[in-house]
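Okay, structure first, notes after.
2 protein chains.
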Amino acid sequence: MSEKPPVDDERHAAKMAKKKAARDKIMATKTDEKGLIVVHTGKGKGKSTAAFGMIFRCIAHGMPCAVVQFIKGGMATGERSLIQDRFSDLCEFHAMGEGFTWETQDRARDIEMAQAAWEKARELIRDPKHRMVLLDEINIALRYDYLDIDEVVTFLVEEKPAMTHVVLTGRNAKDELLEIADLATEMELLKHPFRSGVKAQIGVEF
Amino acid sequence: MSEKPPVDDERHAAKMAKKKAARDKIMATKTDEKGLIVVHTGKGKGKSTAAFGMIFRCIAHGMPCAVVQFIKGGMATGERSLIQDRFSDLCEFHAMGEGFTWETQDRARDIEMAQAAWEKARELIRDPKHRMVLLDEINIALRYDYLDIDEVVTFLVEEKPAMTHVVLTGRNAKDELLEIADLATEMELLKHPFRSGVKAQIGVEF
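Which chain is which? The protein sequence lines are H and Z, in order. Per the UniProt record's numbering, the first sequence runs over residues 1 to 206. Per the UniProt record's numbering, the second sequence runs over residues 1 to 206.
Here you go:
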């Protein structure tokens, strides 16, 4: 812990009152609303899971949204079935990839897929009815140069509707993308069960 | 990028084939199924969002699950309404806290709430029908010693049913908890829109 916890109630109350005052003061300065460019990267778990959590949050609020999967399309995920079965009215779901690239071993085909997914992504983002668009695992397509980072960055900066949130996930996010991101989180792996011989499990990994 | 991307198709195919072989070999050794102790910590975004994403994943697979909110109960979240309105048959939701501690400034009351939430958590975890139980923001209750870390760790190690996944979230996860975790992720903040005067927004923050 970075800080010692309080030892008695008075000190705690005083500390918390100070915290609240500071927080209220800060929050009062936060007045803008804008569509954010959100990036989830890093080698840890939770990049796509947190992004899909944001999509479910939008669905919960009745906000039209959309998902384009750049890489994981070949894997059936719980999120995909839940969205397609229950919430297709609010959330468009496009699984464009065909599994991880190391499953296909065909670069030309991967590039074709990534380009088609990006075409769909642009169409969805340009439609201002979408309050959030998730580009799942796009960082992998960018990392292998299946997509041109400058083209993606330029599109997001110049053509994304002001109020639309765009969430981009995947390891090895490019610096050019992080530079234009409003909110970027790195998921860092501290511990992983595979290391102790546990396999990927329903509900946890997919 | 930690590694240069491949420059031509042959090298790419060879590299990916090698990757796939290595991955298949590793995955073949992963045969165990067990209930995991999963921790999401760190100062970044996505700790609770990814945990709720896992809950929605369980719901998608028809796996009974449960959520206990230790701190955020006072905040209406999209996840909460979506689960309570649409999936109460599969997921029990208990919002036990009453907002962040710095909103209450009453340590005795916070401790009482945390203890009641922990009581409910134990009851839900002991019931083997729950495939996953999310203890949202429990790390904050542990950090301020509203709950005894040794009691929590001992319970998880000795009483958690073998196949039940328990997900614990919040900043400043205690070392004792990380030691028994099967899967631990630190969400690290790279960039945050509050810094540029943007307020918390529906769909993104809540």
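C-beta atoms are modelled at their ideal positions from N, C-alpha and C, and glycine is treated no differently.
Item: Contacts around residue 176 of chain H, its chain only, beta-carbon distance under 6 Å, and the 5 residues preceding and following it disregarded; Value: 149 and 153
Item: 7 Å CB neighbourhood of residue 96 of chain Z in its chain, flanking five on each side removed; Value: 68, 69, 70, 73, 113, 116, 117 and 120
Item: The stretch 163–182 of chain Z in contact with the stretch 32–41 of chain Z per 3-pair CB rule at 8 Å; Value: yes
Item: Partners in chain Z for residue 59 of chain H, counting only beta-carbon separations shorter than 7 Å; Value: 82
Item: Selection from H:161, H:62, H:52 and H:63 that minimises the alpha carbon distance to residue 60 of chain Z; Value: H:52
Item: Best match in Z:124, Z:91 and Z:110 for proximity to residue 57 of chain Z [C-alpha to C-alpha]; Value: Z:91
Item: Residue 167 of chain Z beta carbon less than 8 Å from that of residue 134 of chain Z; Value: yes
Item: Per-residue burial, residue 186 of chain Z [other beta carbons within 10 Å of its own, 16 or more giving buried]; Value: buried
Item: Any C-beta of chain H under 8 Å from that of residue 49 of chain Z; Value: yes
Item: Under 9 Å from the C-beta of residue 121 of chain H: neighbouring residues of chain Z; Value: Those do not exist, as residue 121 of chain H stays about 18 Å from chain Z at its closest Cβ, beyond 9 Å.
Item: Assigned exposure category for residue 78 of chain Z - 16 Cβ within 10 Å defines buried; Value: buried
Item: Residue 55 of chain Z - DSSP class collapsed to helix/strand/coil; Value: helix
Item: Rounded separation between residue 1 of chain Z and residue 140 of chain H - CA only; Value: Below a pLDDT of 50, predicted positions are generally treated as unreliable, and residue 1 of chain Z, at 40, falls in that range; no measurement from the model is reported.
Item: Uninterrupted beta strand (DSSP E) stretches inside the stretch 71–137 of chain H (no shorter than 3 residues); Value: 91–95 and 132–136
Item: Closest by C-alpha distance to residue 162 of chain H, when choosing among H:173, H:188, H:192 and H:125; Value: H:125
Item: Identified DSSP bridge partners for residue 201 of chain Z; Value: Residue 201 of chain Z pairs with nothing; no bridge assigned.
Item: Residues bridged to residue 32 of chain H (per DSSP); Value: Z:198
Item: Beta-carbon proximity check, residue 165 of chain H vs residue 131 of chain H, cutoff 8 Å; Value: yes
Item: Of the residues Z:85, Z:172 and Z:55, the one placed nearest residue 143 of chain Z, counting alpha carbons only; Value: Z:172
Item: Contact set for residue 146 of chain Z: own chain, Cβ-Cβ below 7 Å, skip 5 residues either direction; Value: 110, 111 and 114
Item: Chain H contacts from the stretch 123–157 of chain Z (Cβ-Cβ distance under 9 Å); Value: 131, 132, 143, 144 and 145
Item: Straight-line gap, residue 169 of chain Z to residue 15 of chain Z (C-alpha atoms, nearest Å); Value: 37 Å
Item: Continuous alpha helix (DSSP H) stretch holding residue 154 of chain Z: start and end; Value: 149–159
Item: Delimiting residues of the alpha helix (DSSP H) encompassing residue 145 of chain Z; Value: Premise fails: residue 145 of chain Z is in no alpha helix (DSSP H) and is neither H nor E.
Item: 9 Å Cβ cut-off: residues of chain Z touching residue 178 of chain H; Value: 190 and 191
Item: Residue 61 of chain H - DSSP class collapsed to helix/strand/coil; Value: coil
Item: Min CB distance residue 33 of chain H to chain Z below 8 Å; Value: yes
Item: Own chain, CB closer than 8 Å to residue 190 of chain Z, minus 5 neighbours either side, in chain order; Value: 44
Item: Residue 10 of chain Z to residue 23 of chain Z span [Cα, whole Å]; Value: 20 Å
Item: Same chain, Cβ closer than 6 Å to residue 206 of chain Z, neighbours up to 5 away in sequence not counted; Value: 77
Item: Residue 184 of chain Z: first and last residue of the uninterrupted beta strand (DSSP E) it sits in; Value: 183–191
Item: Local Cβ density within 10 Å of residue 136 of chain Z, reported as buried at 16 or more and exposed below that; Value: buried
Item: 8 Å Cβ cutoff, residue 90 of chain Z in contact with chain H; Value: no
Item: Proximity test, Cβ basis, 8 Å: residue 202 of chain Z and chain H; Value: yes
Item: Contact with chain Z by residue 69 of chain H, beta-carbon distance below 8 Å; Value: no
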